[in-house]
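Shown next, in structure tokens, is the structure this report addresses.
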């Protein structure tokens with residue numbers, strides 16, 4: 025039984041590697057990545073419009089807010105189900121395979137990974 029489990033883990037590790045995440049440096053690059061796409065993760069779907077709006081749904085509640093690009097960071101003011109999540113500037117990283125990662129507090133806090141669809 026142990027050898028079967030080891031073989032399954034080895035097969036997973038031998039699979040294709042994820043594309044490397046690279047820091048998004050400016051607003052133009054961010055807009056090119058996200059324009060016309062939906063950011064998805066389990067139970068969350070968001071759109072981030074080029075004109076600075078955020079709209080979507082997380083679990084059972086609406087998400088809305090605004091964003092701007094400041095000093096190399098995605099800065100957003102967000103409301104989820106009517107509750108303010110507050111203003112936060114986040115580091116953004118993206119990969120060639122359609123993943124995008126937001127890390128709060130200018131890259132030093134919690135992260136959320138999304139898929140661009």
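In my numbering, the protein residues as written are 25 to 141.
Every residue gets a Cβ at the ideal spot worked out from N, C-alpha and C, and that includes glycine.
Quantities reported herein were computed from a predicted structural model and do not represent experimental measurements.
- For residue 83, there is no enclosing beta strand (DSSP E), as DSSP marks it with neither H nor E.
- In the three-state DSSP reduction, residue 48 falls in the coil class, being neither helix nor strand.
- In this structure, DSSP gives residue 134 a state outside helix and strand, which the three-state scheme calls coil.
- For residue 121, the secondary structure class from DSSP, reduced to helix, strand or coil, is coil.
- The beta strand (DSSP E) runs lying completely inside the region 54-103 and spanning 3 residues or more are 63-65, 68-72, 77-82, 85-94, given in chain order.
- Distance check between residue 88 and each of 102, 97, 98, 75 places 102 closest, using alpha-carbon atoms only.
- Residue 59 counts as exposed, since fewer than 16 other C-beta atoms from the protein chains shown sit within 10 angstroms of its C-beta.
- For the set 80, 106, 124, 65, the Cα lying nearest the Cα of residue 55 is the one of 124.
- By the CB criterion at 8 Å, residue 62 and residue 141 fall inside the cutoff.
- Contact between the region 76-90 and the region 98-112 is present, with at least three C-beta pairs closer than 8 Å.
- Residue 77 sits exposed, since fewer than 16 C-beta atoms from the chains shown fall within 10 Å of its C-beta.
- It is roughly 31 Å from the alpha-carbon of residue 43 to the alpha-carbon of residue 109.
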